[in-house]
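Per our numbering, the sequence shown starts with residue 720, numbered consecutively.
Even glycine gets a Cβ: it sits at the ideal position worked out from N, Cα and C.
Everything below concerns the one structure shown next.
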Amino acid sequence: WLKPFWLKSGFGFNVERAWWPPMAAGGIALVRALFLPLPSGIIFTWAAVNDGLHPREDTELMNHHAVFLGGRHNAMAEIVPEVEAASSKAEKAAKLAWAVSKDIGNRSEESLKLAPLVEAEIATVEAAATAAKEQDEAATALLNKTRVAVEKAALDAAHAYFLKVKQVGARARKEAASTDLSRRADKAAADAAKPYNEAFVHAEKVMTEYTKHARALAAAGNSLEAESSRDVAAASNYQIGGQLPEAEYLMRAAHALSDQAEGMRRQAGEMRAKAKRARQALPAYQRAEQQAAEGAAAVVRAAFSPPLLY
């Protein structure tokens, strides 16, 4: 039943006696492939042939069909490689799409595995946001509650600072007014106390020198006394040994050393006495210096101070 209508029995066309070679020995499949999609005009021509024309008699018509079939064969030869290339590209695209689909499936499974962790993180963030909101609300409430007290404290502090500035300014003006007077009084006091200060410094220096000399004389006297004792002992040994001249010489030297030691100790005592008197005079110099300075300053203030208003 797949044969074309012109190849069926009773159609009046014998394939074995056909003039066109492709119609014999397996050309039926090619005829089916080429003639089934023919336009309606070609089918109409074959219908007209079937109605009264014999194919061998209409050579011109057959030639037209042969040209048409040759052109269609060439077109098919050009289209087939393009179709194969397009099919290869389509196959590669399908493989790539399958790989992408598989990768997407794997990623989807991983995403499903991470979903609980993401939900836990979201819950943590939401809890933190809630806590932060509560803390912010508490801080806002505390700020609103203490705002009045803070403003009052700030005003009190500003008022106290203003009073302090006023006091400092008044004191500065008073000090500026009395600066010149104080400078004059200080100068007068220093000038009056200068001689007494110099006397105090001199007395202190004398006391130091007397003390130093007294210690030196005392030390020298003790040394001479020790040397005299050694000479006395040596003279005794010479006297026991019968060496009387040597013993007499050493005894005279010992007495001389002893006299020198005694004189030095006496001088040391005198130096200590002078140092003591100088030390005792130091407070008097200090009192005189202070009294002179105070008196001079009082005189200057009395001379340059404005009169009292009663």
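Taking 8 angstroms as the cut-off, the Cβ atoms of A953 and L969 count as close. Nearest neighbour of A1011 by Cα position, chosen from K924, A1000, D910, S947, turns out to be D910. With a contact defined as Cβ atoms closer than 8 angstroms, A908 and A1016 qualify at about 4 angstroms. The closest CA to that of A922, considering only G982, A904, K993, is found on K993.
Contact between L976 and L943 holds, since their C-beta atoms are separated by about 5 angstroms, short of 8 angstroms. Each of A1000, K995, T843, A945 was checked against the Cα of V920, and the nearest Cα belongs to A1000. A Cβ-Cβ contact shorter than 8 angstroms links A973 with S947.
In this structure, the straight-line span from the alpha carbon of R985 to that of V925 is close to 19 angstroms. Judged by their CB atoms, H932 and M990 are nearer to each other than the 8 angstroms cut-off. In the structure shown, Q1010 falls within a helical segment according to DSSP collapsed to helix, strand and coil. K808 and A842 have their C-alpha atoms spaced approximately 49 angstroms apart. Runs of alpha helix (DSSP H) with 4 or more residues, each lying fully within the stretch 950 to 1018, are absent.
Remark: C-beta atoms of V1018 and R903 do not approach each other more closely than 8 angstroms. In summary, G960 is exposed, with fewer than 16 beta-carbon neighbours lying within 10 Å of its beta-carbon over all protein chains present. Setting aside the 5 residues that flank it on each side, Y957 is surrounded in the same chain by E965, A966, each with a C-beta closer than 6 angstroms to its C-beta; the list follows chain order. Going by beta carbons, Y1004 and A918 fall inside the 8 angstroms limit. E928 has its alpha-carbon roughly 39 angstroms from the corresponding atom of S901. Contact annotation, Y915 with A1021: C-beta distance approximately 22 angstroms; criterion of less than 8 angstroms not satisfied.
With respect to the C-alpha of A938, the residue from K995, D905, A987 having the closest C-alpha is A987. Cα atoms of D899 and P1002: separation of roughly 32 angstroms, rounded to the nearest angstrom.
If you draw a straight line from the Cα of A860 to the Cα of T849, it comes to about 16 angstroms.
The closest CA to that of T930, considering only R949, K995, A945, N941, is found on K995.
Looking at R971, G940, R934, the one whose alpha-carbon comes closest to that of D950 is R971. Going by C-alpha positions, A812 is about 12 angstroms away from A804. The alpha-carbon of R934 is positioned some 17 angstroms away from that of A945.
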